[in-house]
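See structure below.
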Amino acid sequence: VPYCYKLIQKQMGWTDALNYCQKEGGTLAAAHSISEYQLLLSMVKKTQDISAYAWVGLNDLDEEGKYVWSDGSNTAFSWSKSAIEQQYGEEDCVALNSYKGAEGFDDIKCNSGCTFICMTMAENA
Ligand SMILES: [Ca+2]
Ligand SMILES: [Ca+2]
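Below you can see the structure in the form of structure tokens.
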């Protein structure tokens, strides 16, 4: 994997989390494959006692229903069964839900306080 993922154990809204990662020279995490998705999920599970949800770069802020990754990749993903789109009103930012039995990406409200995963390009990748 040519990326370094880092779970930040602070809780903040999606935009603040994105800014945090960008200041570190990266962006919010993207999963480009099922193995990367599983790696991210295992990271969130380890810090479940802080927050079961961790932000990733996926969002549909610009156009409702059109999901994009903050790293510019256009990798397809499959929603988990639990992820009901816009379940509670406007939900435009996506977190990785690590609750047992409900694991998967879920769009939630962007101002929710969640831990988050930053992604930077690995050196010498
Ligand atoms: Ca939405
Ligand atoms: Ca949702």
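The sequence shown runs contiguously to residue 125 in UniProt numbering.
All C-beta atoms, glycine included, are put in the ideal place defined by N, C-alpha and C.
These numbers come from a predicted model, not from an experiment.
Distance CB(residue i)-CB(residue j) smaller than 8 Å
i    : j    : result
Q11  : C114 : yes
A122 : F105 : no
C93  : N59  : yes
Residue i: CB within 7 Å of a non-hydrogen atom of ligand 1
i   : result
D60 : yes
E64 : yes
Own chain partners of residue i with C-beta closer than 6 Å, once the 5 adjacent residues on each side are dropped
i    : result
N111 : G13
G25  : T120
D16  : none
W69  : A30, G57, L58
Residue i at chain D interface by Cβ criterion, 8 Å
i   : result
A52 : The structure shown has no chain D; it contains just one protein chain.
Contact set for residue i: own chain, Cβ-Cβ below 7 Å, skip 5 residues either direction
i    : result
A29  : Y5, L40, V56, G57, I117, C118, M119
A125 : A caution first: A125 carries a pLDDT of 46, below 50, which makes its placement in the model unreliable, though a value can still be read off. Correct list, in chain order: P2.
Y37  : A31
Chain-order list of residues whose beta-carbon lies under 8 Å from that of residue i (same chain, five-residue window excluded)
i   : result
E90 : K109
M43 : Y5, L7, A54, I117
S98 : L41, V44, K45, Q48, A52, Y53, A54
L61 : D92, C93, C110
Worksheet item: Which ranges does the alpha helix (DSSP H) cover as unbroken runs of at least 4 residues, wholly within the region 24–63, from first to last along the chain?
Response: You should have 34–46.
Practice prompt. Let me have the residue list for ligand 2: C-beta closer than 5 Å to any non-hydrogen atom, ordered along the chain.
Written response: Result: Q87, E91, D106, D107.
Worksheet item: Which ranges does the beta strand (DSSP E) cover as unbroken runs of at least 3 residues, wholly within the region 90–125, from first to last along the chain?
Response: The beta strand (DSSP E) runs lying completely inside the region 90–125 and spanning 3 residues or more are 93–97, 104–108, 114–121, given in chain order.
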